[in-house]
Each structure stands twice: as C-alpha cells, then as structure tokens.
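Peer 1: Using my numbering, read the sequence shown as starting at 347 and increasing by one per residue.
Backbone N, C-alpha and C fix where the C-beta goes; we use that ideal spot for every residue, glycine too.
Bear in mind the structure is a predicted one, so any value in this text is a computation, not a measurement.
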Amino acid sequence: MISKEQNLFEIDFSVPVQQFRIEYTLVEKGGLPLVPEYILRLLKVSALTPADIALYFGFTLKEVSTALLQFLQQGELKISQDGRVALTEKGMRMFSGDEDTPVVKGRMEYRRVFTFDLLAYSFTEHAKHRLESPRCSVVLSASPSKRADSTTEAEQAFQRNLSKIYRSGELTGKPEDSQTPELYKISEVNKKKDGFIRFSESYCFELDTLRYGFSERTGLPQEDAYISQRSQQLANLIGQCNTESVMSFAEKISDIHTLTFLADGVFDPRKAAQAQAATRPGQSRVEPIYGALQLTHNWDRVEALLSKYGRRFATDDNKQPATISWLAPSTHGLWGKCSRHGQALSAFACSAVVTIAGKEKLVFEPKVLIPLADQFDGSAMNRAYNECKEAEAYLHGFIESDILSSVEIMTLSNSFAIVIYHLVQPDRHPVPIPFGFVTEDLVMVRKVEAVLEDTLAEYTAGNVSRYIGVLPRSTQRPRQRV
C-alpha cells in the first residue's frame, strides 16, 4: 500500500571534518564578592568618607580600607580633598546603563578541542555529532585548498562562530544564553584529528501533490556547500536511465502490475495504486513494495518471511538447508549506502540458524550475490567486503548482466521471492526509485528463480562463467603478452 507520504530511498552522507585544539583568552564579565559589591553600589549613590561607610555597614575602618584598596589601585575609586571616596569615570563603567550591580571584566585562558566541517568550516557540536566511520555512506569531498589551509580556516571559523560555540557550552564549559564574551586573543591552533560525521537523508514523495524531494532536516552543515556536494556526488553515482531494463525484466516474469503503471515510462504512484486495485482474481498473487528493501516498513516484511520459513524448516527433521539468495543491483552505485544496510545484512545472515527446543539448526544457506564488471573487478570485490562485513562469509560474485542490472532480488527456493526494481531517471530524480513486490505464489516464484538461474548459468562474451562463486578478496588481472 502507498502511504500519503512515502519514504523511498535513504542515504547516509559522510561529511569530512577536522578537530583542532585551540588555546584562547576571553574577556569575561563577572560579579564581585558581597562586601565590595555593596560598597560600590553605595558609592554610586553618593560619595562618602570611609568612616561613613564603616558606620553604614557596621564594619571597622580596617575592613573598609581592605575592601577599597584594590579599586583605588586600579583607578576605579578616588579620594577627594574632603576625604570622601567616590567612583571615577572608570569605576562608573562597571555599572551598565541603569544597573545597580557592578560587573568587572577579567581575562580567562582556555584550551579546548573544536570540530569544523571541511565543506564550509561551520562549527559542529560534540553533543550532536560524534566522529564516525564513513563505511556504507556517500562520502562528500572537501576542496584541497580547504585541507591545505585548515589551521588558518579553523582560526577564522572559530572567530566567526564564537556566539554559536558559546551557546553550545563548548567555549567555556557551560551553555549560556547571556551575551557572548569578548575574544581577547587566540594563542595557538593545532590540528588534532581528521574524521567524518554522518547525516541520514530520506528521499520521499507526497501522494496528494506528487512532489518528490529530500525531507527537511535541521542541523545540516552550511546549506549551500552541503547541497552542492550532495548533488555532485549523487550525480556521479546515480548511473544512466534504465527504464527499458526495468520493463524488460517485468516482461520476462509477466509482472503485469509493473508493466501497467510504468507504461508511460514514469513512476506514477497514483497509477500504481490504480493498477493494484484493478488486479483481478486469478492473476499471480503479489504484494507491492514501495521504497528500498532495507527501510523499516519493508524489512519488517522480510523478517516475517525469514522467521516463518525458518521455523517451518526447523521442525522438519528431513529438510536440508535451503538456498536463500539476495542479489544486488548494478545499475547505480548507491545500493547499501546507509546504516540500515548493515543491520539488514546481519539479520539476513543470522536467519540461517534457528533455535528449536534449545538446539540450533541450520535451515538456510545464504548467498549475497555481488555484481562485478568482470572476474578481475578488484574494486567491486574490496567494496563488497568493506560494505557487507556483516555477511562477508556469504558473499558470492557474478559478472553483470543487462537483464539483472536494474533489479534487487531475494529468493528462498520454492518458497518466496522479493523483487525490487531500481528505476533510475537522473533527469527526474537524484536517486533510484525502488519499487516491486513480494510473492509466495509458487508460479511467480519459479518465474523469478528461472530468470535468475538461467542468467547466472550463462557464459560471457569472453567465454567466462557469469557466476563466479564465493567472492574472492581480489583477483590479479593477468598481464598481456607483448
């Protein structure tokens, strides 16, 4: 079912940051001890002799002299010819406007660590963002000049963001809403560490308006720099329009639902809903899916199927472990670029074993099928082992095929099939639009399995088996003979 606001695709973006240890001095305003404060407040009203002050407060003359000495030495008080103590012009500046309470300024030295992103050198709060691994994310790039002049940039960014840093509590160690203290000087700036902070973004649509876009998020780095880099990296990874490839696979498996609403070559959620409602009894029973497979509302359905068949197989003593395959698409470079990817892989791998009556039983033989440009595609192999660590024992490779390039498939032999089309239309959307179906109808399951099995059994133009088997860590490309 399509909801009024549908999350279609989730991506994590890793923003490069640097941490700096900065030594600085602030001119801070502070209060006075009780006795000097009240003496100054009294002198603001009227000049008085030390004896009058002592009488007023019940102090001895020695106590009054001790309290006045610092202010006399600093030129904030003076003694007139008639012996009265009065505030000087400098002393009057301790009172702001009509305030009755004097405030003094003092210099405080600090040495703290601050984090700035390298896109626009905006301040990043420690409380909101910790340094994380960029694994399974789209890594944004900083210009070489930003990195080369990072110490200078950080010093300027520190001054530029002083108020924000003060409000966060990182400037002085406690959050404040009062006026930002004056920066007296920056003594030293040293780069401490490079790293990344992550932002998860969702590409959605609204059914009522058919508007697509990234959901609004607060706390992103400087908007212009971030959005520019995001657009550039997505353009590099999105791939080319693949509408014909999607239609071709749908025809292969007689997916009438997809062929109907994609007839105009555009993903129209309203047509999808109409096609779903128009499904007649007797047609292959499929349940539509909208959005990436790893999204919570879709992955819950996957886990329900894994649990259902896992427990069913576990109670059959004569049942051998069944092959369960998860094939990745090759049409774009954004598959698996989110934190949910690792969670899904872990759940997929763990589903292989079911505990019944306190005993573990192997019910599935998982395979994660990774597309390769050829049998020597070391970069794809390394990327798979990096981004699919949770299921690295189950990684298998195959050489890319046009018919499988636009689909993500999960099948449990003779039980269920999940097909997710990854529709790529760069002129319309910056990310793939995933949609498809879940089916336990054995006729449709066999159709999906047949296309998958027949394709993997092929030989490429170079007479190499398309299915490579267990994914090697890397394969040395043979040298050409001269």
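In this structure, how does DSSP classify Cys684 when only helix, strand and coil are distinguished?
Peer 2: Three-state DSSP puts Cys684 in coil, outside helix and strand.
Peer 1: List, from N- to C-terminal side, the beta strand (DSSP E) runs of 3 residues or more that fit wholly inside the segment 766-798.
Peer 2: If we require 3 residues or more, the beta strand (DSSP E) runs fully inside the segment 766-798 come out as 779-785.
Peer 1: Which same chain residues, not among the five before or five after Arg819, have their C-beta less than 7 Å away from its C-beta?
Peer 2: Excluding sequence neighbours, Arg819 sits near Met727, Tyr731.
Peer 1: How would you label Gly637, buried or exposed, when you count the other beta carbons within 10 angstroms and need 16 or more for buried?
Peer 2: Classification of Gly637: buried, given that the 10 Å Cβ count is 16 or more.
Peer 1: Count the other CB atoms within 10 Å of the CB of Met440; is the residue buried (16 or more) or exposed (fewer)?
Peer 2: Buried, since its Cβ has 16 or more Cβ neighbours within 10 Å.
Peer 1: For Val410, report the span of its alpha helix (DSSP H) as first-last.
Peer 2: Segment 407-419, the alpha helix (DSSP H) holding Val410.
Peer 1: Would you report the Cα separation of Asn448 and Lys520, rounded to the nearest angstrom?
Peer 2: Before going on, a small fix: residue 448 reads as Pro here, not Asn. Their backbone Cα atoms lie some 23 Å apart in a straight line.
Peer 1: Note down the Cα distance separating Val714 from Trp672, rounded to an integer number of angstroms.
Peer 2: The alpha-carbon atoms of Val714 and Trp672 are separated by roughly 5 Å.
Peer 1: Quick check: the Cα distance between Arg657 and Ile702, rounded to an integer number of angstroms?
Peer 2: Roughly 8 Å separates the two Cα atoms.
Peer 1: At what residues does the beta strand (DSSP E) containing Gly541 begin and finish?
Peer 2: From DSSP, the beta strand (DSSP E) with Gly541 extends over 528-552.
Peer 1: DSSP state of Met440, grouped into three classes?
Peer 2: Coil.
Peer 1: Go ahead and pull the three-state DSSP assignment for Val373.
Peer 2: Looking at Val373 - three-state DSSP - the assignment turns out to be strand.
Peer 1: Rounded to a whole number of angstroms, what is the C-alpha to C-alpha distance between Arg626 and Ala807?
Peer 2: The pLDDT assigned to Arg626 is 46, lower than 50, so where the model puts this residue is not dependable; a value taken from the coordinates is nonetheless given after this. One C-alpha to the other measures close to 42 Å.
Peer 1: Quick one: Cα of Ser751 to Cα of Lys598, how far?
Peer 2: Distance between the alpha carbons of Ser751 and Lys598: 14 Å.
Peer 1: Which residues mark the beginning and the end of the beta strand (DSSP E) in which Ser468 is found?
Peer 2: Premise fails: Ser468 is in no beta strand (DSSP E) and is neither H nor E.
Peer 1: With 16 as the cutoff for other CB atoms within 10 Å, does Gly628 come out buried or exposed?
Peer 2: The pLDDT assigned to Gly628 is 47, lower than 50, so where the model puts this residue is not dependable, and the model offers no usable value.
Peer 1: For Thr406 versus Ala397, is the C-beta spacing smaller than 8 Å?
Peer 2: No, they are not a contact pair.
Peer 1: Please list, in chain order, all residues of the same chain as Pro382 whose beta carbon is under 6 Å from its beta carbon, the five residues on each side excluded.
Peer 2: Once the five neighbours on either side are set aside, the close Cβ partners of Pro382 are Ala413.
Peer 1: Hey, is the segment 417-433 in contact with the segment 491-502, meaning 3+ C-beta pairs nearer than 8 Å?
Peer 2: Verdict: no, contact absent.
Peer 1: Alpha carbons only, please: which of Gln364, Glu799, Leu605 is nearest the one belonging to Leu769?
Peer 2: That would be Leu605, whose Cα lies nearest to the Cα of Leu769.
Peer 1: Do you know whose CA, among Tyr456, Tyr530, Ser747, lies nearest Glu516's CA?
Peer 2: Minimum Cα distance to Glu516 is reached at Tyr456.
Peer 1: Hey, is the segment 758-775 in contact with the segment 730-744, meaning 3+ C-beta pairs nearer than 8 Å?
Peer 2: Contact fails: fewer than three Cβ-Cβ distances are below 8 Å.
Peer 1: Return the CA-CA distance between Gln416 and Ser491, expressed in angstroms with no decimal places.
Peer 2: Near 51 Å, if we compare the C-alpha coordinates of Ser491 and Gln416.
Peer 1: Is Ser360 closer than 8 Å to Arg476 when the C-beta atoms are compared?
Peer 2: Against a cut-off of 8 Å, the Cβ pair of Ser360 and Arg476 comes out as no contact.
Peer 1: Looking at the strands, I want to know which residues DSSP matches up with Val700.
Peer 2: Per DSSP, Lys707.
Peer 1: Who pairs with Ala763 in a beta bridge, going by DSSP?
Peer 2: Thr757, Thr785, per the DSSP bridge assignment.
Peer 1: Let me confirm a value: Arg506 is counted as buried when at least 16 other C-beta atoms fall within 10 Å, else exposed. Which label applies?
Peer 2: Its Cβ having fewer than 16 others within 10 Å, Arg506 is exposed.
Peer 1: For Ala596, does the three-state DSSP call read helix, strand or coil?
Peer 2: Helix at Ala596.
Peer 1: Taking the C-alpha atoms as reference points, what is the distance between Asp463 and Ile602?
Peer 2: Approximately 49 Å between the Cα atoms of the pair.
Peer 1: Nearest to Arg481 by alpha carbon, out of Leu708, His775, Lys683?
Peer 2: Selected option, being the one with the closest Cα: Lys683.
Peer 1: Start and end of the alpha helix (DSSP H) containing Ser496?
Peer 2: Counting along the chain, the alpha helix (DSSP H) containing Ser496 begins and ends at 496-506.
Peer 1: From the DSSP output, in three-state form, read off Glu590 for me.
Peer 2: Correct three-state label for Glu590: helix.
Peer 1: According to DSSP, simplified to helix, strand and coil, what is Phe460?
Peer 2: Here Phe460 sits in strand by DSSP.
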